[in-house]
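Input: a single structure, listed below in structure tokens.
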Amino acid sequence: MIGASAGGPAALQTIMAGLHADIHVAVILVVHVRADTEDLMSPLLDRSSKWPVTTARERTRIEPGHAYVAPPGYHLLIERDRRFSLSVDKRISFSRPSIDVLFESAADAYGANLVGVLLTGANADGAAGMKRIREAGGTALIQDPADAAVPIMPQAALDMAGADLCAPLPELVAALNRMCRT
Amino acid sequence: MTGEGAEDIEAIEVDLFVEALRRRYGYDFRQYNRASLTRRIRNLVTTFGTGTIGQLTDTLLHDAARLPEVISGLSVPVSEFFRDPASFACLRRDVFPALVSYPQVNIWQAGCARGEEVYSLAILLTEAGLYERTRIYATDISPDSLSRAAAGIFPARDLRDSAERYRNAGGTHSLSDYYHSRYEFSKIDTQLMRNITFAEHNLVTDGVFCEAHLILCRNVLIYFTNPLQNRAIGMFADSLVRTGFLCLGARENLEFSPERQRFQIVNAATQLYRLKPIY
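As they're listed, the protein sequences go chains A and B.
If you read the first sequence in this note's numbering, its first letter stands for residue -19, the second for the next number, and so on.
If you read the second sequence in this note's numbering, its first letter stands for residue 674, the second for the next number, and so on.
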């Protein structure tokens, strides 16, 4: 479960390129983009990683070994039966898709089996979501604000939720590979 | 108490809230997707200041005057004028030419919320010379939304921000031809409102509403579980004239609906379907 905003595409490419393909998890990404843009992120990340990366479709089951990107203009949520759903409810922190919406529903669905990763960004989206992930027993990884292209978002999450690990990108990648293997 | 335990309590509260709403007032949200429904209920807890969903249920049970507010909070995603311009451009290109052959055209917009998309459609019908012969039935579950939609008053900014989408939808005039602004509000031109009928209709419990040549139901079924989505698709098929059109939201997924077989796809990118003729 990875959320990113301003400066996010480059950071997401770094993470996806560094993730081992043999770890038995699904990766779900939200990046703030304009609502009227096409699905640009999934082909971009598909090319730059060993993972098949597609735009999430409503009602489909989440499969391990795949990475999914929230479609522009929609909130992406996870139901308890671990299928995707979408919503066009109002923007959260000026954002749709919102990281909070994904993280909070994912915390309800996955509980302790969830790792939330929050990267660079220019607003406070993701902070409330991180808080909920930790309350549900999940793990919070936050990019070190000093390492982020825009520090506001990781800093807001650190302030509200704290983190199990706050580190630069390469260390987050290493931690993800380690955690998801065991 | 663990975090997991706290979540279980909330899941129970959501179940009880949904059950109370159904048994006390007849609104059935059991087949709504839980993740979004839970978010909306949490928002109501904040608006009502009740602290917990349990206490919100208590208020709902004993204070019938608050019901419209609850239904509004559970059902209204505010839309935009010309949301998904490509979908409107597709209607103009692929559907309107087929409608020209009918002396009287019925269009049903199911789940019209506050009316942004109904008026967008009315504008394009006007520009295509079809509006005079068209009756649009715009329905929604929420009386609050319907009265707002019928009033046709929107924040002026909403309309100003829609000019680009209007052009991308194939609009041939200036969007400002269709509304009058006063201070920070804009009122839709009454000419556009003449042939629109707003009415309450619940896709969960109500049946066929009218015989339609075109049905629009955009970004409504995404909130429904598969059985309820399938019920709605079946009802739309029953409501359409032979080879009538169905336009859904661009990201909707019908692959789990058996009723999907009654339709052929016209345009996958904009989720435009057409009823198959029965031989």
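C-beta atoms are modelled at their ideal positions from N, C-alpha and C, and glycine is treated no differently.
Predicted, not measured: the structure shown is a model, and the values here were computed from it.
Counting only Cβ pairs nearer than 7 Å, list the residues of chain B close to residue i.
{"i": "residue 98 of chain A", "result": "Going along chain B, no residue has its Cβ under 7 Å from residue 98 of chain A, so there is no contact; the nearest lies around 18 Å."}
{"i": "residue 57 of chain A", "result": "708 and 709"}
Quick one: does residue i have its CB under 9 Å from some CB of chain A?
{"i": "residue 899 of chain B", "result": "yes"}
{"i": "residue 895 of chain B", "result": "yes"}
{"i": "residue 933 of chain B", "result": "no"}
{"i": "residue 892 of chain B", "result": "yes"}
{"i": "residue 676 of chain B", "result": "With a pLDDT of 49 at residue 676 of chain B, under the threshold of 50, the modelled position of that residue is not reliable, and the figure given next carries that caveat. At least one chain A Cβ lies under 9 Å of residue 676 of chain B."}
Name the chain A residues whose beta carbon is nearer than 9 Å to that of residue i?
{"i": "residue 750 of chain B", "result": "67, 68, 69 and 70"}
{"i": "residue 840 of chain B", "result": "What residue 840 of chain B touches in chain A: nothing, since even the nearest Cβ is about 12 Å away."}
{"i": "residue 712 of chain B", "result": "55, 57, 67, 69, 81, 84 and 85"}
Can you find a CB in chain B that lies within less than 9 Å of the CB of residue i?
{"i": "residue 62 of chain A", "result": "no"}
{"i": "residue 143 of chain A", "result": "no"}
{"i": "residue 137 of chain A", "result": "no"}
{"i": "residue 88 of chain A", "result": "yes"}
I want to verify the contact list: residues of chain B whose CB lies under 8 Å from the CB of residue i, in sequence order.
{"i": "residue 18 of chain A", "result": "Result: empty, since nearest Cβ-Cβ is about 10 Å, beyond 8 Å."}
Residues of chain A with a CB under 7 Å from the CB of residue i: which are they?
{"i": "residue 929 of chain B", "result": "39"}
At 8 Å on the CB atoms, spell out the chain A contacts of residue i, in chain order.
{"i": "residue 925 of chain B", "result": "38"}
Should residue i be labelled buried (16 or more other beta-carbon atoms within 10 Å of its own) or exposed?
{"i": "residue 925 of chain B", "result": "buried"}
{"i": "residue 650 of chain B", "result": "The structure shown does not extend to residue 650 of chain B, since chain B is modelled only from 674 through 952, so no value can be given for it."}
{"i": "residue 857 of chain B", "result": "exposed"}
{"i": "residue 4 of chain A", "result": "exposed"}
{"i": "residue 675 of chain B", "result": "With a pLDDT of only 46 at residue 675 of chain B, under the threshold of 50, the placement of this residue in the model should not be trusted; the figure read from the coordinates follows. With fewer than 16 Cβ atoms within 10 Å of its Cβ, residue 675 of chain B is classed as exposed."}
{"i": "residue 853 of chain B", "result": "exposed"}
{"i": "residue 722 of chain B", "result": "exposed"}
{"i": "residue 93 of chain A", "result": "exposed"}
{"i": "residue 937 of chain B", "result": "exposed"}
{"i": "residue 128 of chain A", "result": "buried"}
{"i": "residue 784 of chain B", "result": "buried"}
{"i": "residue 688 of chain B", "result": "exposed"}
{"i": "residue 33 of chain A", "result": "buried"}
Beta-carbon within less than 8 Å of residue i's beta-carbon, same chain only, minus the 5 sequence neighbours each way: which residues are those?
{"i": "residue -8 of chain A", "result": "-18, -16, 9, 11, 21, 25 and 99"}
{"i": "residue 54 of chain A", "result": "66, 67, 68, 76 and 77"}
I'd like the span of the beta strand (DSSP E) that includes residue i, first residue to last.
{"i": "residue 779 of chain B", "result": "778 to 783"}
{"i": "residue 919 of chain B", "result": "913 to 921"}
{"i": "residue 934 of chain B", "result": "No beta strand (DSSP E) contains residue 934 of chain B, which DSSP labels as neither H nor E."}
{"i": "residue 828 of chain B", "result": "826 to 828"}
{"i": "residue 858 of chain B", "result": "858 to 861"}
{"i": "residue 142 of chain A", "result": "Here residue 142 of chain A belongs to no beta strand (DSSP E), and DSSP marks it neither H nor E."}
{"i": "residue 871 of chain B", "result": "869 to 873"}
{"i": "residue 772 of chain B", "result": "Residue 772 of chain B -> not in any beta strand (DSSP E); alpha helix (DSSP H) instead, spanning 769 to 772."}
{"i": "residue 49 of chain A", "result": "47 to 49"}
{"i": "residue 751 of chain B", "result": "From DSSP, residue 751 of chain B is part of no beta strand (DSSP E); its letter is neither H nor E."}
{"i": "residue 71 of chain A", "result": "Residue 71 of chain A -> no beta strand (DSSP E), and no H or E assigned at all."}
{"i": "residue 700 of chain B", "result": "Careful: residue 700 of chain B lies outside any beta strand (DSSP E) and carries neither H nor E."}
{"i": "residue 719 of chain B", "result": "No beta strand (DSSP E) contains residue 719 of chain B, which is instead part of the alpha helix (DSSP H) from 707 to 721."}
{"i": "residue 814 of chain B", "result": "Premise fails: residue 814 of chain B is in no beta strand (DSSP E) and is neither H nor E."}
{"i": "residue 792 of chain B", "result": "Not the beta strand (DSSP E): residue 792 of chain B falls in the alpha helix (DSSP H), residues 789 to 800."}
I'd like the list of long-range same chain contacts for residue i, defined as Cβ closer than 7 Å, with 5 residues on each side in sequence excluded.
{"i": "residue 166 of chain A", "result": "Because residue 166 of chain A is not part of the residues shown, which for chain A are -19 to 162, the question remains open."}
{"i": "residue 861 of chain B", "result": "792, 825, 851 and 852"}
What does residue i touch in chain C if you count any residue whose Cβ is under 7 Å from its own?
{"i": "residue 51 of chain A", "result": "Looking at the structure shown, chain C is missing, and the protein chains on hand are A and B."}
Along the chain, where does the alpha helix (DSSP H) that runs through residue i open and close?
{"i": "residue 835 of chain B", "result": "Element bounds for residue 835 of chain B: n/a, residue is neither H nor E."}
{"i": "residue 123 of chain A", "result": "Unbroken run through residue 123 of chain A is the beta strand (DSSP E), 119 to 123; no alpha helix (DSSP H)."}
{"i": "residue 735 of chain B", "result": "726 to 735"}
{"i": "residue -2 of chain A", "result": "-12 to -2"}
{"i": "residue 40 of chain A", "result": "First-last for residue 40 of chain A: undefined, no H or E at that position."}
{"i": "residue 22 of chain A", "result": "21 to 27"}
For residue i, collect the residues of the same chain with a Cβ closer than 6 Å to its Cβ; drop the 5 residues on either side in sequence, then sort them by chain order.
{"i": "residue 763 of chain B", "result": "940, 943 and 945"}
{"i": "residue 145 of chain A", "result": "121 and 155"}
{"i": "residue 842 of chain B", "result": "755, 758, 761 and 762"}
{"i": "residue 147 of chain A", "result": "124"}
{"i": "residue 790 of chain B", "result": "752"}
{"i": "residue -6 of chain A", "result": "149"}
{"i": "residue 933 of chain B", "result": "927"}
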